[in-house]
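Following: one structure in structure tokens, then a few remarks.
Residue numbers (the numbering used here): 52 to 148.
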């Protein structure tokens with residue numbers, strides 16, 4: 052049996068992934084580590100918007116960052132996030148019977 056706290060944390064994770072912008076950012080980070088400016092340029096978005104979304108993803112432990120000089124480099128947190136994105140995209144791409 053899964054305890055209530057685990058279910059609540061899982062719900063928060065899915066809530067973080069429920070936004071298509073955040074899901075797109077996660078997908079891009081699953082392909083390659085990037086800084087905020089690169090993500091913004093790739094997705095044709097404002098840097099402030101990307102920064103805000105990254106803050107939400109980081110608080111959900113879906114992304115992590117490291118400092119390289121004055122720049123923060125973002126990546127997905129671990130292989131679980133990669134698997135989750137892979138499973139979700141495979142599921143939605145399945146042909147319906």
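Each residue gets a CB set at the ideal place from its N, CA and C atoms; glycine is no exception. Keep in mind it's a predicted model, so treat the numbers as computed, not measured.
Figure out for me which residue from the options has the closest Cα to the Cα of residue i.
i: residue 66; options: 135, 124 and 111; result: 111
i: residue 81; options: 130, 141, 142 and 117; result: 130
Give every residue of the same chain whose Cβ lies closer than 8 Å to the Cβ of residue i, excluding the five residues on either side of it in the sequence, and list them in chain order.
i: residue 102; result: 87
i: residue 90; result: 76, 79, 80, 96, 101, 105 and 125
i: residue 84; result: 124, 125 and 126
i: residue 93; result: 79 and 85
Quick one: what's got a C-beta closer than 6 Å to residue i's C-beta in the same chain, skipping five residues either side?
i: residue 64; result: 111
Opposite residue i in the DSSP bridges: which residues?
i: residue 114; result: 127
i: residue 97; result: The partner list for residue 97 (beta bridge, DSSP) is empty, contrary to what the question assumes.
Under 7 Å: does the beta carbon of residue i sit that close to some heavy atom of the ligand FAD?
i: residue 139; result: Inclusion of the ligand FAD in the displayed structure is not the case, the ligand content being empty and no account of it being possible.
Can you list, in chain order, the residues of its chain with a C-beta nearer than 7 Å to that of residue i? Leave out the 5 residues immediately preceding and following it.
i: residue 73; result: 67, 104, 107 and 108
Looking at residue i: is its Cβ nearer than 8 Å to the Cβ of residue j?
i: residue 115; j: residue 99; result: no
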